[in-house]
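J.: The sequence shown begins at 1 in full-length UniProt numbering and counts up by one. We put the CB at the ideal spot given by N, CA and C, even for glycine. One structure, as structure tokens, below. Some questions next.
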Amino acid sequence: MSFAKLKAARQDKPSYVTSNPLPSQESSAVPSEGPIQSTKESLYKSIPDHLQIRTSAVSGRGLWATKPCLPGQVLFAMKPHVAALSNERLALHCSQCFGGGGNAGLKRCTQCQVVYYCDSTCQNLDWTFHKNECIALQRVAASGETAIPSDAIRCLGRIMWKRQKQGPASPWTQEIDLLQSHKQEVPPSAYELHTHLAISLVRYLGLSSPSEIAAFGIASGADLANFVSRFVTNTFTITDPSLAPLGASVSPPVALINHSCDPNAVVVFPRSRPNNQEPLMQVVALRDISANEEILTAYIDTTLPRAQRQASLRETYLFSCACTLCTSTQPDLRDSVWCPKACGGVCPAPTEENSLSRCTQCLSALQKTDEVLDASRIGQQALDKASLLQFTDPAKSKQLCSKLIPILTSAGLTPSSHPLLALTRLYTALLIADLQSSSPSQETLDEAVVCATKALAGLDGILRYGHPVRGIARAELGKLLAVDEPAPRPPAASAAEEALRYPPSGAKRLRMALDVLLQARGELNVGFGAPNEGGAVGRDVREDIVRLERELGVWQKGLSEAMRDAKEAKILQRS
Ligand SMILES: [Zn+2]
Ligand SMILES: [Zn+2]
Ligand SMILES: [Zn+2]
Ligand SMILES: [Zn+2]
Numbered sequence: 001m002s003f004a005k006l007k008a009a010r011q012d013k014p015s016y017v018t019s020n021p022l023p024s025q026e027s028s029a030v031p032s033e034g035p036i037q038s039t040k041e042s043l044y045k046s047i048p049d050h051l052q053i054r055t056s057a058v059s060g061r062g063l064w065a066t067k068p069c070l071p072g073q074v075l076f077a078m079k080p081h082v083a084a085l086s087n088e089r090l091a092l093h094c095s096q097c098f099g100g101g102g103n104a105g106l107k108r109c110t111q112c113q114v115v116y117y118c119d120s121t122c123q124n125l126d127w128t129f130h131k132n133e134c135i136a137l138q139r140v141a142a143s144g145e146t147a148i149p150s151d152a153i154r155c156l157g158r159i160m161w162k163r164q165k166q167g168p169a170s171p172w173t174q175e176i177d178l179l180q181s182h183k184q185e186v187p188p189s190a191y192e193l194h195t196h197l198a199i200s201l202v203r204y205l206g207l208s209s210p211s212e213i214a215a216f217g218i219a220s221g222a223d224l225a226n227f228v229s230r231f232v233t234n235t236f237t238i239t240d241p242s243l244a245p246l247g248a249s250v251s252p253p254v255a256l257i258n259h260s261c262d263p264n265a266v267v268v269f270p271r272s273r274p275n276n277q278e279p280l281m282q283v284v285a286l287r288d289i290s291a292n293e294e295i296l297t298a299y300i301d302t303t304l305p306r307a308q309r310q311a312s313l314r315e316t317y318l319f320s321c322a323c324t325l326c327t328s329t330q331p332d333l334r335d336s337v338w339c340p341k342a343c344g345g346v347c348p349a350p351t352e353e354n355s356l357s358r359c360t361q362c363l364s365a366l367q368k369t370d371e372v373l374d375a376s377r378i379g380q381q382a383l384d385k386a387s388l389l390q391f392t393d394p395a396k397s398k399q400l401c402s403k404l405i406p407i408l409t410s411a412g413l414t415p416s417s418h419p420l421l422a423l424t425r426l427y428t429a430l431l432i433a434d435l436q437s438s439s440p441s442q443e444t445l446d447e448a449v450v451c452a453t454k455a456l457a458g459l460d461g462i463l464r465y466g467h468p469v470r471g472i473a474r475a476e477l478g479k480l481l482a483v484d485e486p487a488p489r490p491p492a493a494s495a496a497e498e499a500l501r502y503p504p505s506g507a508k509r510l511r512m513a514l515d516v517l518l519q520a521r522g523e524l525n526v527g528f529g530a531p532n533e534g535g536a537v538g539r540d541v542r543e544d545i546v547r548l549e550r551e552l553g554v555w556q557k558g559l560s561e562a563m564r565d566a567k568e569a570k571i572l573q574r575s
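What follows is the structure, encoded as structure tokens:
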């Protein structure tokens, strides 16, 4: 966590690497039995030697490199302290290793009938957590309540039972208790959410009054509210190797890392280890990090422009960001319009407060500010609606995207601009879902390729090379280009005309697919960690590359040669 107001609040908090590790009374819900013996020797053992917890006047407590790190280097890897699948994923993944990705072969817990496991190994590994959870879930069902508690509640429940079992002096509990608190800054809307969570948790744990929470080493109802607040601001979303969200987790060592909207590292779950070690969080360097530089990851979607990022950080993480990107005076492509004179430069997008905008290169004034403001406003409304409808009414969602994308484009927004990029990415995802559900038409396939290309151009403009989001988007485009064309177009009348066509057909398309997949492999190797070889998606991409190289080899050898090969193979088979 970091920045501005927060930093000031944090400065008087103790540093956990120096002599006084005692958190102040209001800063945590640590049980009152005796002082905590937290030294760097006994806590945060999963943090390797090349990283160090330091407290700086600027960013408060954080994680710093003590040695230079390279892009793609796994800075550290660890299993979260607790994790819980989101409700919609419960029946699709193993509750221990988060593997599966479909119900086939998973076995349901016969007692609660809510959670699933790969096998008895995964079930046994999860038993410390599930033992009490199973009883709580059965109690919920018996009470006639149909809804399964949310992943946040189930995650909190898992923390409570484990801290009860481990005791307050265990490193596990101490690390949980040392999660940073920002109670004094909780705005009313967040306070309401935290109170609601605390009440639901008390009910889920089967307690008849908040005071009974003492049995879990939490002194009072107020301490519980504080505990829940610290949980919310320190939760991590677990994702699959394609970055789709799977559930919630808490990992105190990873929570030490402060935020930047232009991070030098990312937290990913590449799934490169045996199942029983998963879900393994890996913190990966995105660029060269020098010795004595702070490790920074992004807590939010960094494709959003400054205003949206700040709102999102304030809402969930309760601070204002003062990172290099947020304080930069350079125009940001996330929020830009093409130069009206088409000089190649951009104008900062106008706002309601400041409609005057000039090209940063040729200084031409942007004339159509009202058009840009209107397009952005209705684009945001359409994006909100289309995002909500994407699973329940994908056709309507698609319609909203396809209507708004041309309006925003003609208003002059750059492909990296919000909400154009977000709409393009959503539209791409919906078209891909279409292609997967039915036998694709050439039109839909080509439209998906065009859309994925635009989305990638937008992402390339604002995210660092190797960012996992870029790597995944590039892999997606490569895979789309490699799909067998249902009805390849005949060549155009002239070579010049043919060169202008996008996407191309035939061998040219396959060569393009190969190029894009090779680039994707390079980026995935960075974003998902070099030792993980791009994680599960990287593995997939490597297989596609081999297949394409073989196919292109066939193209190059020419049809006749291929036929001759086939004939020879048949003769060989017969003999
Ligand atoms: Zn499993
Ligand atoms: Zn169960
Ligand atoms: Zn920022
Ligand atoms: Zn210009």
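1. Could you pull the DSSP bridge partners for residue 78 from this structure?
2. By a C-beta neighbour count over all protein chains shown, 10 Å radius and 16 as the cutoff for buried, is residue 162 buried or exposed?
3. Going by the C-beta, is residue 99 closer than 7 Å to any heavy atom of ligand 1?
4. For the pair the stretch 204-221 and the stretch 160-174, tell me if three or more CB-CB distances fall below 8 Å.
5. From this set, 115, 76, 266 and 538, which residue's C-alpha is nearest residue 576's C-alpha?
6. Following a CB-centred definition, is residue 123 positioned closer than 7 Å to any heavy atom of ligand 2?
7. For the beta strand (DSSP E) that contains residue 164, what are its first and last residues?
8. If you drop the 5 nearest sequence neighbours on each side, which residues of the same chain put their C-beta closer than 8 Å to that of residue 105?
9. Report back the beta-carbon spacing between residue 150 and residue 126 to the nearest angstrom; my notes put them in contact at under 8 Å.
10. Using DSSP with H/G/I as helix, E/B as strand and the rest coil, what is residue 322?
11. By DSSP's criteria, residue 294 is part of a beta bridge. Which residues make up the other side?
12. Count the other C-beta atoms from every protein chain shown that fall within 10 angstroms of the C-beta of residue 124, then say buried if there are 16 or more, exposed otherwise.
13. If I measure Cβ to Cβ from residue 239 and keep anything under 7 Å in the same chain, skipping five residues before and after, which residues do I get?
14. Rounded to the nearest angstrom, what separates residue 517 and residue 337 at their Cα positions?
15. Got a sec: does ligand 4 put a non-hydrogen atom nearer than 7 Å to the Cβ of residue 364?
16. If contact is defined by three or more beta carbon pairs under 8 Å, each pair taking one atom from either stretch, is the stretch 440-452 in contact with the stretch 483-497?
17. Comparing the CB of residue 137 with every heavy atom of ligand 2, is any distance shorter than 7 Å?
18. Provide the residue span of the alpha helix (DSSP H) that contains residue 401, from first to last.
19. Given that a residue counts as buried once 16 or more other Cβ atoms are within 10 Å of its Cβ, and exposed if not, what is residue 233?
20. Looking at residue 416 and residue 379, is the spacing between their C-beta atoms short of 8 Å?
21. With a Cβ-Cβ cutoff of 8 Å, do residue 325 and residue 418 count as a contact?
22. In whole angstroms, give me the CA-to-CA distance for residue 272 and residue 280.
23. Using three-state DSSP, classify residue 302 as helix, strand or coil.
24. Would you identify the three-state DSSP class for residue 117, choosing helix, strand or coil?
25. Report buried or exposed for residue 500, applying the criterion of at least 16 other Cβ atoms within 10 angstroms of its Cβ.
26. Taking 7 Å as the cut-off, is the beta-carbon of residue 112 closer than that to any non-hydrogen atom of ligand 2?
27. Determine the DSSP secondary structure at residue 51, reduced to helix, strand or coil.
28. Measuring only the C-alpha atoms, how far is residue 88 from residue 405?
29. So, at 8 Å on beta carbons, what are the nonlocal neighbours of residue 236 in its own chain, with the 5 sequence-adjacent residues on each side left out?
30. Return helix, strand or coil for residue 122, following the three-state DSSP convention.
31. If you draw a straight line from the alpha carbon of residue 56 to that of residue 546, how long is it in whole angstroms?
32. With hydrogens ignored, establish whether the beta-carbon of residue 532 is closer than 7 Å to any heavy atom of ligand 1.
33. Just list the residues that DSSP pairs residue 576 with in beta bridges.
34. Are the CB atoms of residue 97 and residue 275 within a distance shorter than 8 Å?
35. Express the C-alpha separation of residue 212 and residue 472 in angstroms, rounding to a whole number.
36. Give the range of the beta strand (DSSP E) segment to which residue 249 is assigned.
T.: This is what the structure holds:
1. 281
2. buried
3. yes
4. yes
5. A query on residue 576 cannot be resolved here, the shown segment of the chain reaching from 1 to 575 and no further.
6. no
7. Run containing residue 164: none in the beta strand (DSSP E); it sits in the alpha helix (DSSP H), 151-166.
8. 118
9. Actually they are not in contact, since the Cβ atoms of residue 150 and residue 126 sit about 19 Å apart, beyond 8 Å.
10. coil
11. 64
12. exposed
13. 245, 246 and 269
14. 30 Å
15. yes
16. yes
17. yes
18. 394-410
19. buried
20. no
21. no
22. 9 Å
23. coil
24. strand
25. exposed
26. yes
27. strand
28. 30 Å
29. 80, 248, 249, 250, 251, 254, 255, 267 and 281
30. helix
31. 49 Å
32. no
33. Outside the shown range of the chain, which is 1 to 575, sits residue 576, and nothing can be said about it.
34. yes
35. 47 Å
36. 245-250
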